[in-house]
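Okay, so here's the structure we're looking at.
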Amino acid sequence: MYEQVKGLKELPADEPLSPGHRLCPGCGASIVVRQVLLAAPKDAIVANATGCLEVSTAIYPYSAWNRPWAHSAFENAAAVASGIDAGLKALSRRGEAREHPIIVFGGDGGTYDIGMQALSGALERGHRFLYVCYDNEAYMNTGIQRSGGTPRGAWTTTTQVGPAMAGKQGSKKDLLSIVVSHRVPYAATASISHWRDLMTKVRKALSKDGPTFLHVLAPCTRGWRYDPEKTIRMARLAVETRFFPLYEVEGGVYRVTFPVTSPKPVEEYLKPQGRYSHLFHPENASELETIRKEVDDNYARIEKLSQLTGQLYGQKTA
Amino acid sequence: MSLQPLRVAALQGDEAVAEAVRQSGVDVVAAYPITPQTIIVEKLAEYAAKGNLGGEFVSVESEHSALSACVGASLTGARVFTATSSQGLAYMHEMLYNVSGMRLPVVMAVANRALSAPLVLNADHSDMMGSRDSGWIQVYAENVEEMYDRTIQLFKLCEDPRVLLPAALNFEGFILSHDKERVRLLDDEPVRRFLERPRPRHRLDPADPFTFGAMATPETYYEFRMQQSEAMETALHVFDEVERGFEGISGRRYGAVDAYNTDDADVVMVINGSAAGTMRAAARGLNAAGENVGVLSIKLFRPFPLEQVVSHLSRARAVVAMDRSMSPGAPSGPVSEDVKAALQATKPVMSVVYGIGGRDLSTEDGKKIFGMAKEGSLSGSRSVMYGVKV
Numbered sequence: 010m011y012e013q014v015k016g017l018k019e020l021p022a023d024e025p026l027s028p029g030h031r032l033c034p035g036c037g038a039s040i041v042v043r044q045v046l047l048a049a050p051k052d053a054i055v056a057n058a059t060g061c062l063e064v065s066t067a068i069y070p071y072s073a074w075n076r077p078w079a080h081s082a083f084e085n086a087a088a089v090a091s092g093i094d095a096g097l098k099a100l101s102r103r104g105e106a107r108e109h110p111i112i113v114f115g116g117d118g119g120t121y122d123i124g125m126q127a128l129s130g131a132l133e134r135g136h137r138f139l140y141v142c143y144d145n146e147a148y149m150n151t152g153i154q155r156s157g158g159t160p161r162g163a164w165t166t167t168t169q170v171g172p173a174m175a176g177k178q179g180s181k182k183d184l185l186s187i188v189v190s191h192r193v194p195y196a197a198t199a200s201i202s203h204w205r206d207l208m209t210k211v212r213k214a215l216s217k218d219g220p221t222f223l224h225v226l227a228p229c230t231r232g233w234r235y236d237p238e239k240t241i242r243m244a245r246l247a248v249e250t251r252f253f254p255l256y257e258v259e260g261g262v263y264r265v266t267f268p269v270t271s272p273k274p275v276e277e278y279l280k281p282q283g284r285y286s287h288l289f290h291p292e293n294a295s296e297l298e299t300i301r302k303e304v305d306d307n308y309a310r311i312e313k314l315s316q317l318t319g320q321l322y323g324q325k326t327a
Numbered sequence: 167m168s169l170q171p172l173r174v175a176a177l178q179g180d181e182a183v184a185e186a187v188r189q190s191g192v193d194v195v196a197a198y199p200i201t202p203q204t205i206i207v208e209k210l211a212e213y214a215a216k217g218n219l220g221g222e223f224v225s226v227e228s229e230h231s232a233l234s235a236c237v238g239a240s241l242t243g244a245r246v247f248t249a250t251s252s253q254g255l256a257y258m259h260e261m262l263y264n265v266s267g268m269r270l271p272v273v274m275a276v277a278n279r280a281l282s283a284p285l286v287l288n289a290d291h292s293d294m295m296g297s298r299d300s301g302w303i304q305v306y307a308e309n310v311e312e313m314y315d316r317t318i319q320l321f322k323l324c325e326d327p328r329v330l331l332p333a334a335l336n337f338e339g340f341i342l343s344h345d346k347e348r349v350r351l352l353d354d355e356p357v358r359r360f361l362e363r364p365r366p367r368h369r370l371d372p373a374d375p376f377t378f379g380a381m382a383t384p385e386t387y388y389e390f391r392m393q394q395s396e397a398m399e400t401a402l403h404v405f406d407e408v409e410r411g412f413e414g415i416s417g418r419r420y421g422a423v424d425a426y427n428t429d430d431a432d433v434v435m436v437i438n439g440s441a442a443g444t445m446r447a448a449a450r451g452l453n454a455a456g457e458n459v460g461v462l463s464i465k466l467f468r469p470f471p472l473e474q475v476v477s478h479l480s481r482a483r484a485v486v487a488m489d490r491s492m493s494p495g496a497p498s499g500p501v502s503e504d505v506k507a508a509l510q511a512t513k514p515v516m517s518v519v520y521g522i523g524g525r526d527l528s529t530e531d532g533k534k535i536f537g538m539a540k541e542g543s544l545s546g547s548r549s550v551m552y553g554v555k556v
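Keeping their order, the protein sequence lines are chains Y and F. Plus 9 on top of the position in the first sequence (first one is 1) and you've got our numbering. Plus 166 on top of the position in the second sequence (first one is 1) and you've got our numbering.
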């Protein structure tokens, strides 16, 4: 069982990620970490893939982490978590340790791309951990290169804008569908702008026996080209334009957790971001139209999946 | 200390390693199948299914994840084992450095196999030699009983707080992994007592949270690596202690090197792995016919037992160093280069490459190589490729 997060007052005063780390002002990733870890029990163990979060929070001899924390490589966070799970299980059977919640943080590069195999293996094996992908939609740590999580049309340093090409060609990989196809007990999207929703999802995920997954949009001031004070606003617009729908998949049943009945035009989300500025030139009008259509189709798909899976499996998990 | 009665069994090399791992009370095994190591994984999975393993068996989706899972498990304070070979070891390459750099006492069996391309299933040392500088203790076994003994010894060595380094137990694929030999097995209890230890203080524990795998800067990185190097040097002495302790429960001791007739030989051959026994047989045959040749088997390759090697080769008139690995473009292979460095050009070191991709090295071949060394047809600073078809 889990408890819904209702208000700020019920959260612990503890700071799992200390101030003084070297993430950028307005960094979405650090807000993801705070919200996730404040919703989780204090005895959580953290595994971290290489990336912005890792390099900026643990520079020897300093560490911002008030949790046991492990990092070793870029592509292997889910495999490291598998080992932590196995180690704690073996030691607790011998009475030499207790099992603790294991929370993994990986960026979109470490999850969509280079870490996909390790993630898939760990999900399939059924280890008990919560994997949180903080998705800032490019390799921000190495300087804004495109990843499998970069959305259609976005400028990055490896999907540049010119007469021959206007930003990222093709659409963003559907990460949650890949995760759901592993038949995990719980997977969801979340946004730092909807913190109660995010934190409740963390608690729900950690109440499950087996691997669970949270895909959190983590706006990046440097890579998305907006002013640092607008991070939460960007996250909120992504939800309110249906660009990033908030939903969960529990026992195979899809459910939209924050229905957007009258969405704002997608331009309201795209326009404040420098990475999309070229889309508003007349020659790229068709690309903008493709994005609009993809956003509508995706939201409709999730609504439809909610109806269908509700009918199929609804009674079992209600 | 009185020795326990020994159980004698006929075991394949891989089976002997698996039995030693079980007896060592391993907490987590994370492994991926690859020929010719697979029997180890299968055997451990069989123990797990029967409930005899005691620990968790994690059947991962790649070698990279095998070693990554070992990192996670080892960080909880668990005793951890994995096994691989050839391409698998190459796929682990990145993680080899991580495990050693994080000072995790992981023990790994490596059924040495040549690397692709072309793909071949048979033995040479190119896989481990390609990872030579990854900061792992590297032992080369000569026979199945030694594989069994070394597996147990290496847990003790790696977990010693003065060492805290990972170790690779090397044995040639098929030649040793699949060879069935007589093994004198120890009872579970003396092995358990031999390996008893407190759980490490530095581990993932919410009551005492540590940060593992922090990033270094040019101000700190060098010192981390220096400590790792010093631990490797210390391991040389601890290795000797571990061998003495193991002798107490088994009556068996090998040394970091094995020297046969090295005191006053005309030619001493330096070699590692299963071919050492074959070469000793060749040398014995020659010596019975009035020659004077010796064999130095380097069992502990990292840390390199420098003083012992120098001392055993000090009176040899000539030295032949044998490499079972290819180093394209290099003057000679890694064993030869180490021997040359150890001897500081005080005497001629001839260098021979042999046994590549599983090509056999017989006692007759051994006699031929000794003969070539004596008549001077091996001289020159580059390796002679012995046994290659021209």
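Don't be surprised by glycine CBs; every beta carbon is placed ideally from N, CA and C.
(request) Going by CA-CA distance only, name the one from F:N264, F:I206, F:G254, F:E530 that's closest to F:Q394. (result) F:N264
(request) For Y:N150, decide whether its Cβ has a neighbour in chain F, counting only Cβ atoms nearer than 8 Å. (result) no
(request) Name the residue from Y:H30, Y:V55, Y:V45, Y:E146 whose alpha carbon lies nearest to the alpha carbon of Y:H203. (result) Y:V45
(request) Please list the partners that Y:R76 has in chain F, where partner means a Cβ-to-Cβ separation under 8 Å. (result) P372, P375
(message) Taking 7 Å as the limit between beta carbons, can you name the residues of its chain near F:A539, skipping five residues before and five after?
(response) V433, A484, V486, M516
(message) Using only CA atoms, which one of F:G456, F:S292, F:N427, F:E185 lies nearest to F:S491?
(response) F:S292
(request) Examine chain F for any beta-carbon lying closer than 8 Å to the beta-carbon of Y:G96, and answer yes or no. (result) yes
(message) Am I right that Y:L255 and Y:F267 are in contact with their C-beta atoms under 8 Å? What's the rounded C-beta distance?
(response) 4 Å
(message) Checking 8 Å against the spacing of the C-beta atoms, do F:S502 and F:S543 come in under that value?
(response) no
(request) Flag Y:G92 as yes if its beta-carbon sits less than 8 Å from any beta-carbon of chain F, otherwise no. (result) yes
(message) Check whether chain Y comes within 8 Å of F:D193, counting only Cβ atoms and requiring the distance to be less than that.
(response) yes
(request) Classify Y:L297 as buried or exposed, calling it buried when 16 or more other Cβ atoms lie within 10 Å of its own Cβ. (result) buried
(request) Quick one: using the 10 Å Cβ neighbour count with 16 as the cut-off for buried, is Y:M10 buried or exposed? (result) exposed
(request) Whole angstroms is fine: what's the gap from Y:A90's alpha carbon to F:L352's? (result) 35 Å
(request) Taking all protein chains shown into account, decide if Y:I311 is buried (16 or more other Cβ within 10 angstroms of its Cβ) or exposed. (result) buried
(request) Measure from the C-beta of F:G179 to each C-beta in chain Y and report whether the shortest distance is under 8 Å. (result) no
(message) Three Cβ pairs or more, each shorter than 8 Å: is that satisfied between the region 349-365 of chain F and the region 249-262 of chain F?
(response) no
(request) With a 10 Å radius around its C-beta and 16 neighbouring C-beta atoms as the bar for buried, classify F:E222 as buried or exposed. (result) buried
(request) Starting from F:S517, trace the beta strand (DSSP E) both ways and give me its first and last residue. (result) 515-519
(message) Quick check: is the beta carbon of F:C236 nearer than 8 Å to any beta carbon in chain Y?
(response) yes
(message) Distance check for Y:T209 and Y:Y195, CA to CA, integer angstroms please.
(response) 12 Å
(request) Could you have a look at F:H403 and say whether DSSP puts it in helix, strand or coil? (result) helix
(request) Output the distance between the C-alpha atoms of Y:L41 and Y:I201, rounded to the nearest integer angstrom. (result) A quick correction: the sequence has Val, not Leu, at residue 41 of chain Y. One C-alpha to the other measures close to 6 Å.
(message) Once the 5 residues before and after Y:T326 are set aside, which same chain residues still bring their CB inside 7 Å of it?
(response) The predicted position of Y:T326 is uncertain, since its pLDDT is 47 and thus under 50; no value can be drawn from it.
(request) Consider the Cβ of F:H230: report whether some Cβ of chain Y lies at a distance smaller than 8 Å. (result) yes
(request) Could you tell me which uninterrupted beta strand (DSSP E) segments, each at least 3 residues in length, are contained entirely in the region 386-463 of chain F, listed from first to last along the chain? (result) 423-426, 433-437
(request) Identify every residue that forms a DSSP beta bridge with Y:Y143. (result) Y:G116, Y:V225
(message) Does the contact criterion of 3 or more C-beta pairs under 8 Å hold for the region 77-97 of chain Y versus the region 385-402 of chain F?
(response) no
(request) Consult DSSP for F:Q510 and reduce its assignment to one of helix, strand or coil. (result) coil
(request) Measure the alpha-carbon distance for F:M268 versus F:F337 and round it to whole angstroms. (result) 25 Å
(message) Using CA atoms only, rank isn't needed, just tell me which of Y:Y235, Y:V275, Y:P228, Y:V211 is closest to Y:C61.
(response) Y:P228
(message) Spatial neighbours of F:G191 within its chain, please: C-beta separation below 7 Å, excluding the five flanking residues on both sides.
(response) G220, R245, R358, L361
(message) Taking beta-carbon pairs under 9 Å, can you tell me which members of the region 216-228 of chain F lie near chain Y?
(response) G220, G221, E222, F223, V224, S225, V226, E227, S228
(request) Counting only the same chain and skipping the five closest in sequence on each side, list residues whose C-beta sits under 7 Å from that of Y:G35. (result) T230, P237, E238, T240
(request) Could you tell me which chain Y residues have their CB closer than 8 Å to the CB of F:M156, listed as they occur along the chain? (result) There is no way to answer for residue 156 of chain F, as the model of chain F reaches only from 167 to 556.
(request) In the DSSP assignment, find the alpha helix (DSSP H) that holds F:M294 and state where it starts and stops. (result) 292-296
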